[in-house]
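One structure below.
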Amino acid sequence: MFDLGSLLNLAMSGITFGMILFLLAAGFELMFGVMRIINMAHGSFFMLGAYLGISIARQTHNFLFGILMGAVSVGIVGLVTERFLFRRLPLHLQQVYVTFGIIYILADISKWAWGSNPYVLSTPALLAGSVTILAKPFPIYRLVLLGVGLLTALGLWLFQEKTRVGSIVRAGVDDREMVGVIGINIKLLSTLVFTGGALLAGFAGIMASPIIPVLPGIDWDVMTLAMVVVVVGGLGSLRGALVGGLLIGLADTFGKFLLPQVGIVLIFLVLAVVLIIRPSGIFGGG
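Per our numbering: the sequence shown = residues 60 to 345.
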């Protein structure tokens with residue numbers, strides 16, 4: 060048994076991890092919604108963003124600059140990938156095969172550049188302490204993650220609902236062919252969405268690096284969780300990515316605490332329950 064303070068602390072940890080999963084899954088949702096492609100390399104973008112962000116932050120001694128440049132660098136990688144690979148492959152199956160190639164290429168590049176030792180980004184002194192919640196210490200940085208996740212969710216909602224480009228993206232999610240028929244440059248839209256999705260994955264990676272060590276294999280680990288989040292929340296739904304991320308973040312945290320040897324079972328139990336009740340996901344169509 061544990062007291063209310065410990066329970067709240069554990070729940071807050073799960074929520075902040077869920078925000079990381081949301082940042083990762085949101086980019087995946089955007090790519091799938093417009094391009095109808097399951098980008099299996101999304102976890103590799105997460106890993107690359109973390110490695111680049113940590114390296115830049117260490118070299119410049121600037122935490123925020125490392126975060127910014129890590130995310131932007133991965134966004135550029137996404138832009139080049141979409142422009143010179145996906146655009147030349149008309150079939151979705153071919154594109155999925157290419158994503159597997161990207162996974163192995165980025166994995167080998169990462170091992171060559173950074174080795175196999177875990178990398179962790181040190182948080183600045185201002186964010187390195189903790190606050191007391193119900194007599195239990197809770198890291199300030201995790202609260203920052205919570206705020207960043209909520210602000211990102213709000214920003215994406217405002218972008219989709221209040222801007223012309225966001226309206227086009229939503230239209231592309233609903234009916235990609237019709238968007239092309241009415242004169243919208245669907246190729247430019249795909250490039251924009253893929254670049255934004257990759258940037259979000261890189262941003263998630265660098266934001267997670269102070270609490271999740273970055274090492275070879277993390278790309279597959281986070282991609283597995285992102286896929287579960289997307290299926291639970293519903294394909295093509297940013298709202299589903301947020302709710303699914305929170306559910307899986309809580310399930311992962313409580314599962315590891317309550318059942319450390321088989322903690323992952325709780326994640327897939329949540330997945331199974333959601334699919335039984337709602338096969339298309341919580342906010343999926345159908």
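Virtual Cβ for every residue (Gly too), placed ideally from N, Cα, C. Keep in mind that this is a model prediction, so the values were computed, not measured.
Identified DSSP bridge partners for residue i
i	result
F197	V190
V273	Y178
CB-CB length for residue i against residue j, believed under 8 Å
i	j	result
V290	L330	6 Å
L69	F316	6 Å
F145	V157	7 Å
A267	A109	7 Å
A130	I265	6 Å
F197	M71	6 Å
Proximity of residue i and residue j at Cβ, strictly below 8 Å
i	j	result
F105	G214	no
A166	D278	yes
I199	G64	no
L107	S169	yes
L297	A310	no
L80	G276	no
I162	A100	yes
G256	G73	no
I96	V155	yes
A340	G314	Note on residue identity: the sequence assigns Gly, not Ala, to residue 340. No.
M90	V287	no
T211	L82	yes
G295	E88	yes
Residue i in three-state terms, based on DSSP
i	result
V333	helix
V179	coil
F87	helix
T222	coil
I243	coil
L318	coil
G125	helix
I96	coil
I79	helix
D62	coil
F143	helix
I326	helix
F253	helix
L259	helix
V341	Looking at the sequence provided, one finds Ile at residue 341 rather than Val. Coil at I341, not helix or strand.
L111	helix
F102	Note on identity: in this sequence residue 102 is Gly, with Phe being the wrong assignment. In this structure, G102 counts as helix in the three-state DSSP scheme.
Euclidean distance between Cα positions of residue i and residue j
i	j	result
P183	P269	10 Å
M128	Q153	31 Å
G225	S249	13 Å
R337	W171	44 Å
L111	L180	11 Å
T75	L259	16 Å
F159	V190	42 Å
S114	G125	8 Å
F143	G292	31 Å
N121	I135	21 Å
P272	S103	15 Å
L185	I335	45 Å
E220	R147	31 Å
L217	G208	14 Å
R117	W173	13 Å
L204	I243	36 Å
P319	I227	45 Å
T254	L247	11 Å
I164	L306	32 Å
Y178	A187	17 Å
K195	L66	10 Å
V333	G206	27 Å
Cutoff 8 Å: residue i Cβ touching any chain D Cβ
i	result
I192	Protein chains in the displayed structure number just one, and chain D is not present.
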